DNA sequence: GGTAGTTTGTAAACTCCACAGCGATTTTGA
DNA sequence: TCAAAATCGCTGTGGAGTTTACAAACTACC
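Chains as they are written, first to last, in our numbering: chain A, 1 to 390; chain B, 1001 to 1390.
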């Protein structure tokens, strides 16, 4: 706060700011000519030219020499944001699998590594698998650890400010694990730990079903039920990171809701508890009466908590994610119907388009946001990996 | 969005930015010397000097010539933010009264005008009273309409983007009233209309019980029950302005909750329905058994909706406002107890410190925020009333 | 009462940045 | 081959902030 006041701007800072706006313009454009950049930024052409050359020298931009030109006049040199100056990693530690994604600064996926993990593996086994998957990701992509600018890990359970899931977590023995500390000797860059449901919401806003919305309620509908909130375009964690945990209210029957599906009469004994829900959805789709009522009961329970969130926040969109979003065809319509009964204004209700990869994608997005925050918000630093602050 | 890109900074813009930081530093400081300002802003002393003189010339600052100095050295000239360059008005249109406040740009109250209105007055009578109170406020303070830089009006019921309470409102015949349009021929400055409960929340964060918090749930506890949300320091309206309306959920018994008090056995027939609640609180304080159970039942109902909001948002503070906050001594403790039962993490629960003036104060705050947004965010304009954009 | 020390106010010189304008260069099309 | 069009690169101009230097004003102390 006291530091906020010292914003006196020097001439060098002016250059910094202008470099920043040029980089920003470059980032969401295909390779661009100086004249185009001048138009985009409002700066003069010679001015942009100097800045662009500076960006190339410092490593933020690449030059694309003109090829065969189609327009009249001398073909222009083009500049391109050097998205490969750094990379970020997003990891999803689920109950059954660990998924790691590696992407450049534009968010272009360059490597995907997946490993399955035993559902009741103890923390040390899970951490070993994490270590291995990180090593493999770096090795396969040929990147060294100091080319990684941020790492985000998604875990189940609410994550507090220190990056721990101390409140509760379904993973056995996971409450005292400090993931950031565990990876801190491998990476010097920021390491973020975040709740999986929150990350999935970020992903849906980035590349998924809600890429047009700023106010989103994301529902994790699966064997666990959860929710997370994006308000005014920003993921909201609440004061202690427990925002969205409306399922803890007993009147909201989210804890027991999936049991409507599991305990549906008619599920064959050969179907494992984990697959029961899928069986019921299929049966409902085929017209099975018991299965249909089970689904309806499930949705009715799901809708109560959803309505509470909708009334509390008045979002533009509700996104149905989680494992059950594969059966969105059966869930969306009754969910809309219930919400219409319960809410003042019914938001758009949409199904996730990202499925099981959403968490890891959201982890990427959060890592990219962290890089943005560190390098592109105050001023333009040199294109090197930011250091984690203690 | 496309306009956002054109942020190329000129040298004149640099001056604008530095002027802005100096004004910002001046605003939350007593009269300040150039040397102090240089320290605060990080600019050089001569640099600040030119800027300060420019601010005086344009009317943003005043010079305070040095008086008797107590320290060694030549006594310094001091500069002061000219808070009287403009004024804002905050108005609360309640069921029984209309309250108008006039304050300068620092938020210093300079005039208060109050008029009572018949509870079932029709819209035209209420609008006439509004017109009169506006005229009186201007006349008594000796200000002309073009010295007013923003006006905010607080009304009951959710307010949509157009400033109308089309969804519903307890005031008779009020749904089609367009307050901003009604006042638009009197003022050229921005005219904002906002829900009273939301404004009261703003006030509590500004000068009230939650001035240390960024994540706040404000409860309006009275004959109506409502809530509003401040998240990350910003009042959240939701996509269509209906955020906080959790009371619309039937499982949340907010609509019926006050009837526990009104229908408490033992209320004398001589007590009017409006005063019944106050009677019950007094009786409970005196030890009346029926009154105590009525209060407890009321709090239990209030707590369900509050818990839903707390679980959804994980706020730092819950502020109890509205008419019943006068009886916070009876409400706070049982409310905390209930929340402890229902929530994962229990926030601070505090009573409003502003009482019935909160809405008008919040209206002032919103008007000041609007002025800030227009004059102090992009660059520093001349110190004249901003024009309402169509 | 005078002088040293300290702080403020102001002017000058300097540096740096963006801009405007001009000519040179390179390509297309007639 | 020449004109038109667009880009590239250079130079001079003006403005903003900084540093440096010095005069002015005040306190403290001898």
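We put the beta carbon where it would ideally sit given N, CA and C, even for glycine.
Model, not experiment: these values are computed from the prediction.
Per DSSP, residue 245(A) lies in no beta strand (DSSP E) segment and is marked neither H nor E. Note on geometry: alpha-carbon atoms of residue 116(A) and residue 94(A) lie some 9 Å from one another. Where residue 377(A) is concerned, there is no enclosing beta strand (DSSP E), because DSSP gives it neither an H nor an E. Within 7 Å of the CB of residue 1316(B), the CB atoms of chain A belong to 239, in sequence order along the chain.
At a cut-off of 8 Å between C-beta atoms, residue 7(A) counts as an interface residue with respect to chain B. At a cut-off of 8 Å between beta carbons, residue 1270(B) makes no contact with chain A. Proximity of the segment 1153-1173 of chain B to the segment 1208-1222 of chain B falls short of the contact definition, fewer than three beta-carbon pairs being nearer than 8 Å. When only Cα atoms are considered, residue 371(A) and residue 1228(B) end up about 33 Å apart. For residue 1287(B), the three-state secondary structure derived from DSSP is coil. Under the rule that a run must span 3 or more residues, the beta strand (DSSP E) segments found entirely inside the segment 1179-1235 of chain B read 1191-1195, 1216-1221 and 1225-1231. Residue 300(A) sits in a helix when the DSSP states are folded into three classes. Per DSSP, residue 1130(B) is not a residue of any beta strand (DSSP E); the alpha helix (DSSP H) it occupies stretches across 1123-1141.
In the pairwise beta carbon analysis, the segment 290-301 of chain A is classified as touching the segment 255-270 of chain A: at least three pairs are separated by under 8 Å.
Residue 1080(B) and residue 1103(B) have their C-alpha atoms roughly 17 Å apart.
For residue 1063(B), DSSP records a beta bridge to 1079(B). In the three-state reduction of the DSSP assignment, residue 111(A) falls in the strand class.
When the beta-carbon positions are compared, residue 264(A) and residue 226(A) stay at least 8 Å from each other. Taking 8 Å as the CB threshold, residue 1244(B) lines the interface with chain A. Within the same chain, Cβ atoms closer than 6 Å to the Cβ of residue 1318(B) are found at 1217, 1347 and 1349, the five residues on either side in sequence being excluded. Straight-line spacing of the CA atoms in residue 1375(B) and residue 331(A) works out to 49 Å. In the DSSP assignment, residue 92(A) falls within the unbroken beta strand (DSSP E) covering 87-93.
Cβ-Cβ distances below 6 Å link residue 387(A) to 188 in the same chain, with the five nearest sequence neighbours on each side left out; the list follows chain order. Around residue 200(A), no beta-carbon contact reaches into chain B at under 9 Å, the shortest distance being about 17 Å. At a C-beta separation below 7 Å, residue 1195(B) has no neighbours in chain A, since its nearest C-beta there lies roughly 12 Å away. Beyond the five residues adjoining it in sequence on each side, residue 210(A) comes within less than 6 Å, by CB distance, of 204, 216, 317 and 319 in the same chain, given in chain order. Taking 8 Å as the cut-off, the beta carbon of residue 322(A) is found no closer than this to the beta carbon of residue 252(A). Per DSSP, residue 1056(B) is one residue of the alpha helix (DSSP H) stretching across 1045-1058. Neighbours of residue 1304(B) in chain A, taken as residues whose beta carbon is under 9 Å from its own, are 249 and 251 in chain order. Not a single CB atom of chain A sits nearer than 8 Å to the CB of residue 1076(B). By the neighbour-count criterion, in which 16 or more other beta carbons inside 10 Å mark a residue as buried, residue 260(A) falls on the buried side. Of all residues in the segment 1038-1067 of chain B, only 1040, 1041, 1042 and 1043 place a beta-carbon less than 7 Å from a beta-carbon of chain A. At a C-beta separation below 8 Å, residue 347(A) has these neighbours in chain B: 1239.
For residue 1091(B), no Cβ of chain A is located within less than 8 Å of the residue's own Cβ. In the DSSP assignment, residue 1154(B) falls within the unbroken beta strand (DSSP E) covering 1148-1155.
Going by DSSP, residue 1341(B) is part of the alpha helix (DSSP H) stretching over 1328-1342. Taking every protein chain shown into account, the CB of residue 212(A) has fewer than 16 other CB atoms within 10 angstroms, so this residue is exposed.
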